[in-house]
């Protein structure tokens, strides 16, 4: 029998991990919902931003918040670049070509990072206070990452519901042609969406580098789980992705302490496959 | 106001409009009628910029608009209420109307436009917080028209406004369109419901397989023998 305290700790860690996963999934889902293209290389953009934070903070000695802001800005620029250089020219071509193009970007970024920075694992070392709750040690880095994730998602929610351009982004995801009739240049809406999605990758990078080491294949570690969450929540469904993030992170964390971390991922994939059969449209999709 | 001269247009290898010429004067209401596949919707899409003409010229208030993108043409003063309404189902009624006023010029007059639209369609004011997708077909059509009015247009293109509505709702809708007209908007309407629409408009064009077959005063067209037989059902 496993100590309930271990389980509670795992559940708490799962919750904290879920925040950052949700941030990744929402960024990817936002872009998919509006532009209808899955950025296979999304988490690899996160990886590039993580390197940026690493160099700014660990190598050049700037404070972490400077690294974080730079990461957000870099993410937005990368998002714009991906849209202008890769997506825009193939916007009307077959979906498989679009997948291949963003998949190609993935291999490019991995190889590029390996070439420049080798395969060494690099991490940002912060001295953070220790925290305990009912005898459970809590990682302050994770707590900070979770809190900021929730705040950023709240900001995204307000942006999408309270501003003209944010509402237009949601409108385009529902009917892009009708939105052109309202006077919105779809290309401009796509650029704003790509920049916002990229900036979210930048936020996620800053929150991940304080918990995990970065290496060129970081995207391979977090990419699949991010896609799974998006599909589980229903592609393009923001609320669904948010809920699915916490389901997946809890599955991974709790089965991780019961069996092992590897087994946690295996179970997460099994849950995913079963859910795809039971609710192919995502957990929040209406039946029938 | 709107002058269309010898326009040819289509999709890919398919040509839907051949050499169509048409005119709408300020303050007028004009109908385009004809069977399915006559090219009526294509004509509307060319005017609002959703597709570019292959040949011919379109001018609106003297400006050439042929081939300009849709988001630019709405700024010139043409609002297109597309076939099938195409409201944003996941947005609230109020947000749909807000999107109608997306252009900076329209945002400046947002409050007045909104008062005007709510006065025309009080049901939209009652349901402003509701998801647009949950409205009835007739209410959705009102929302689509209201959303178009929010851009502050001078010409409104209505594509099959009565499509999919119950007969009672069709009559109400035509009354509402009549009121929109009285507010001073110029209207170009495409409609299957020929009998009703000919009572609403001043002039009409009969389109068949992509060509203008006949044009004239609405009453004159309604009296044409073959129009009566084929479309009015008398």
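Protein chains in written order, with this note's numbering: chain A, 2 to 289; chain B, 130 to 363.
Idealized CB from N, CA, C, for every residue including glycine.
Quick check: the Cα distance between residue 229 of chain B and residue 280 of chain B, rounded to an integer number of angstroms?
5 Å
Please check if any C-beta of chain B sits within less than 8 Å of the C-beta of residue 164 of chain A.
no
Which term fits residue 289 of chain B, buried or exposed, when burial requires 16 or more other beta carbons within 10 angstroms of its beta carbon?
buried
Check whether the Cβ atoms of residue 79 of chain A and residue 101 of chain A sit closer than 8 Å, and answer yes or no.
Contact annotation: residue 79 of chain A and residue 101 of chain A have beta-carbon atoms that are not nearer than 8 Å.
Evaluate contact between the stretch 290-309 of chain B and the stretch 320-333 of chain B, counting only Cβ atoms and requiring at least three cross-stretch pairs below 8 Å.
yes
State buried or exposed for residue 40 of chain A, treating a residue as buried only when at least 16 other CB atoms are found within 10 Å of its CB.
buried
May I have the straight-line CA-CA distance separating residue 270 of chain A from residue 18 of chain A, to the nearest angstrom?
17 Å
Identify which residue in A:261, A:257, A:248, A:9 has its Cα closest to the Cα of residue 134 of chain A.
A:9
Is residue 221 of chain B helix, strand or coil when you go by DSSP?
strand
Compare the Cα-Cα distances from residue 231 of chain A to each of A:219, A:221, A:245 and report the closest residue.
A:245
What alpha helix (DSSP H) runs, 4 residues minimum, are completely inside the stretch 289-350 of chain B?
296-311, 323-329
Contact check, residue 53 of chain A vs residue 72 of chain A, beta carbons under 8 Å
yes
Grouping DSSP H, G and I as helix and E and B as strand, with all else coil, what is residue 153 of chain B?
In this structure, residue 153 of chain B counts as strand in the three-state DSSP scheme.
Would you say residue 168 of chain A faces chain B, with C-beta separation under 8 Å as the test?
Closer than 8 Å to some Cβ of chain B, the Cβ of residue 168 of chain A qualifies, so yes.
Using DSSP with H/G/I as helix, E/B as strand and the rest coil, what is residue 122 of chain A?
For residue 122 of chain A, the three-state secondary structure derived from DSSP is coil.
Which residues does DSSP pair with residue 192 of chain B in a beta bridge?
B:189
Is there a Cβ of chain A sitting closer than 8 Å to that of residue 227 of chain B, yes or no?
For residue 227 of chain B, the answer is yes, since a Cβ of chain A falls inside 8 Å of its Cβ.
Are the C-beta of residue 200 of chain B and some C-beta of chain A separated by less than 8 Å?
yes
Determine which residues share a DSSP beta bridge with residue 84 of chain A and list them.
Its beta-bridge partners do not exist; DSSP assigns none.
For a test of the three-state rule: what should DSSP assign to residue 238 of chain B, helix, strand or coil?
DSSP places residue 238 of chain B in coil when its eight states are reduced to three.
Taking residue 366 of chain B as part of the beta strand (DSSP E), name the residues at either end of that continuous run.
Look at the range of chain B in this structure, 130 to 363, and you will see that residue 366 of chain B is not part of it.
DSSP three-state assignment for residue 281 of chain A, whether helix, strand or coil:
Secondary structure of residue 281 of chain A (DSSP, three-state): coil.
Run through chain B and tell me which residues come within less than 7 Å of residue 182 of chain A, C-beta to C-beta.
177, 199, 203, 209, 211
Would you grab the beta carbon distance between residue 37 of chain A and residue 215 of chain B for me? Rounded to a whole angstrom, and I think it's under 8 Å.
Not confirmed; about 17 Å, so no contact.
Return the CA-CA distance between residue 180 of chain B and residue 197 of chain B, expressed in angstroms with no decimal places.
9 Å
Closest Cβ-Cβ distance between residue 177 of chain A and chain B: below 8 Å?
By this cut-off, residue 177 of chain A is not an interface position.
Run down chain B in chain order and give the residues with a C-beta less than 9 Å from the C-beta of residue 286 of chain A.
None at all; the shortest Cβ gap to chain B is about 14 Å.
Please say whether residue 218 of chain B and residue 160 of chain B have beta carbons closer to each other than 8 Å?
no
Sufficient close CB pairs (3 or more, under 8 Å) joining the stretch 127-145 of chain A to the stretch 100-117 of chain A
no
Cβ of residue 143 of chain A within 8 Å of any chain B Cβ:
no
Quick check on DSSP: helix, strand or coil for residue 353 of chain B?
Per DSSP, reduced to three states, the secondary structure at residue 353 of chain B is coil, with no helix or strand assignment.
Looking at C-alpha atoms only, which residue of B:298, B:258, B:347, B:182 is the closest neighbour of residue 140 of chain B?
Nearest C-alpha to residue 140 of chain B: B:182.
With distances taken Cα to Cα, identify the nearest neighbour of residue 16 of chain A among A:190, A:141, A:147.
A:147
Apart from the five residues on each side of it in sequence, which residues of its chain come closer than 7 Å, Cβ to Cβ, to residue 27 of chain A?
154, 157, 201, 239, 242, 243
Where DSSP assigns a beta bridge to residue 209 of chain B, which residues make up the other side?
B:286
I'd like to know if residue 206 of chain B contacts chain A, where contact means its C-beta is closer than 8 Å to some C-beta of that chain.
no
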